[in-house]
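To start, the structure itself, in structure tokens.
Protein chains: 2
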Amino acid sequence: MRTLIPLDLTTPKTRLSTLLSPPERETFATVLLEDVLSAVAETDLDPVVVATEPVSVDVPVRLDDRPLDAVVNDAISAETPLAIVMADLGLAEPDQLRSLLGTDGDVVIAPGRGGGTNALVVRDDAFRVDYHGVSFQDHLRIARKRDLSVSVVDSFRLASDVDTPEDLIEVLLHSRGTAPAWLRAAGIRLETSEERPTVVRE
Amino acid sequence: MRTLIPLDLTTPKTRLSTLLSPPERETFATVLLEDVLSAVAETDLDPVVVATEPVSVDVPVRLDDRPLDAVVNDAISAETPLAIVMADLGLAEPDQLRSLLGTDGDVVIAPGRGGGTNALVVRDDAFRVDYHGVSFQDHLRIARKRDLSVSVVDSFRLASDVDTPEDLIEVLLHSRGTAPAWLRAAGIRLETSEERPTVVRE
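Chains as they are written, first to last, in this note's numbering: chain A, 116 to 317; chain B, 116 to 317.
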């Protein structure tokens with residue numbers, strides 16, 4: 116299945132600015148992307164990265180600096196079924212992607228923490244995305260309005276997009292990709308002496 | 116399978132103190148417990164709530180005010196297989212609990228966000244719990260040291276224990292239990308006008 120992986124490199128990962136410099140944040144965004152692509156490579160998904168700037172990866176890249184909704188909605192009009200997988204799902208593994216693909220429904224949603232939509236399968240071209248605000252809720256509404264069936268996939272790995280220092284805890288603990296080693300090389304590690312774990316940079 | 120549901124009512128849900136008063140936090144803790152028990156009731160799990168104070172629910176309650184580790188480790192010594200499910204898994208549903216039960220391994224872990232251990236199945240009495248700090252990591256280590264096999268269950272619902280205002284977003288969006296209505300009756304709702312959703316109390 117054709118799979119869009121949108122990557123916005125305009126000012127990526129700003130919520131990590133207490134830990135990483137702007138160039139580091141850009142690099143880290145591509146490290147997460149590489150981990151997503153490694154997981155995708157072990158599935159039947161046929162990926163194309165849609166990026167705001169050139170990026171060097173082993174899959175086709177299409178440059179497009181329009182807002183995310185316009186990019187994805189045009190792609191839905193052009194071709195369904197279509198999957199849309201966020202580029203910062205650092206914990207995604209082939210199993211979760213396969214179960215996304217294997218779930219029935221005109222629309223299949225893997226919610227992200229905080230009301231987001233981290234991965235989607237769209238099998239009916241009447242669907243439209245709206246990634247602003249509480250997109251999970253909006254996507255349910257849009258599907259209902261257009262009489263489309265919706266399935267929701269329950270996955271901690273797919274729910275974990277990587278935006279904040281707290282999200283790095285999940286990467287360090289659960290990712291089997293390259294991101295944990297990259298973070299550790301940058302001096303970032305779990306701090307476990309407090310009541311609740313945090314991340315620190317040395 | 117015998118299933119411990121530990122409930123600490125000493126000072127429950129302190130991280131919700133910006134939104135809820137102490138008596139409200141205690142009530143909310145029991146609302147979450149009731150939702151967990153409703154999910155458990157649809158499975159083969161045989162629940163016993165182990166509480167620091169009396170609580171009125173439709174399943175057996177055992178009073179025990181010792182630290183969590185002591186309570187759970189004694190229970191493991193007394194009886195395996197044993198499941199341990201946290202009382203604040205407000206998004207847990209029968210499907211996730213069944214898949215926990217149906218997963219092979221001497222130890223089956225459903226990790227919580229932030230390095231926690233939200234649900235466990237222990238099938239070998241050589242295992243011991245240590246819920247302090249990054250318990251997910253500690254539980255992997257303890258199992259490895261004692262040559263026990265470990266499986267990890269990937270579930271957003273089981274990963275979502277309810278401790279912080281941000282966690283209430285997940286409850287309001289994804290719970291099919293009674294907690295969302297309780298929160299709404301208390302005037303708590305999703306605020307979606309900002310870039311990222313938050314919860315507010317009116």
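Cβ atoms here follow ideal geometry from the backbone N, Cα and C, with glycine treated the same way.
In the DSSP assignment, A190/A is bridged to no other residue.
Restricting attention to D123/A, L305/A, R291/A, T126/A, the CA atom closest to the CA of D210/A is found in R291/A. Residues of the segment 283-296 of chain A with a C-beta atom less than 8 angstroms from some C-beta of chain B are I284, E285, L288, H289, listed in chain order. Here A274/B really is in contact with G227/B; their C-beta atoms are around 6 angstroms apart, less than 8 angstroms. Annotation: Cβ neighbours of D269/A in chain B (cutoff 7 angstroms, chain order): Q211, S270, F271, R272.
Taking the beta carbon of L305/B as reference, the chain A residues within 7 angstroms of it are V249, listed in sequence order. Between the C-alpha atoms of D150/A and T142/B there is a straight-line separation of about 43 angstroms. Listed along chain A is no residue with a C-beta nearer than 9 angstroms to that of G205/B; the closest approach is about 14 angstroms. Residue pairing by DSSP puts E306/A in a beta bridge opposite T313/A. Runs of alpha helix (DSSP H) with 4 or more residues, each lying fully within the segment 176-244 of chain A, are found at 183-193, 209-216, listed in chain order. Taking 7 angstroms as the cut-off, the beta carbon of V170/B is found no closer than this to the beta carbon of D179/B.
Rounded to the nearest whole angstrom, the C-alpha separation of P175/A and P162/A is 7 angstroms. In the DSSP secondary-structure assignment, R261/A is not bridged to any residue. By the CB criterion at 7 angstroms, R117/A and P127/A fall outside the cutoff. Remark: three or more beta-carbon pairs, one from each stretch, lie closer than 8 angstroms, so the segment 258-268 of chain A and the segment 227-244 of chain A are flagged as touching. Contact check between the segment 241-249 of chain A and the segment 299-317 of chain B: three or more CB pairs, one atom from each, fall below 8 angstroms, which counts as touching.
Residue A198/A holds the alpha-carbon nearest to the alpha-carbon of D159/A among V187/A, A198/A, L183/A, N233/A.
Within the DSSP secondary-structure output, L122/A pairs in a beta bridge with A166/A. For G229/B, the nearest CB of chain A lies under 7 angstroms from its own CB, placing it at the interface with that chain. Residue environment: R256/B is assigned as exposed (fewer than 16 neighbouring CB atoms within 10 Å of its CB, all protein chains considered).
Sixteen is the threshold: since fewer than 16 other Cβ atoms of the shown chains lie within 10 Å of the Cβ of S132/A, the residue is exposed.
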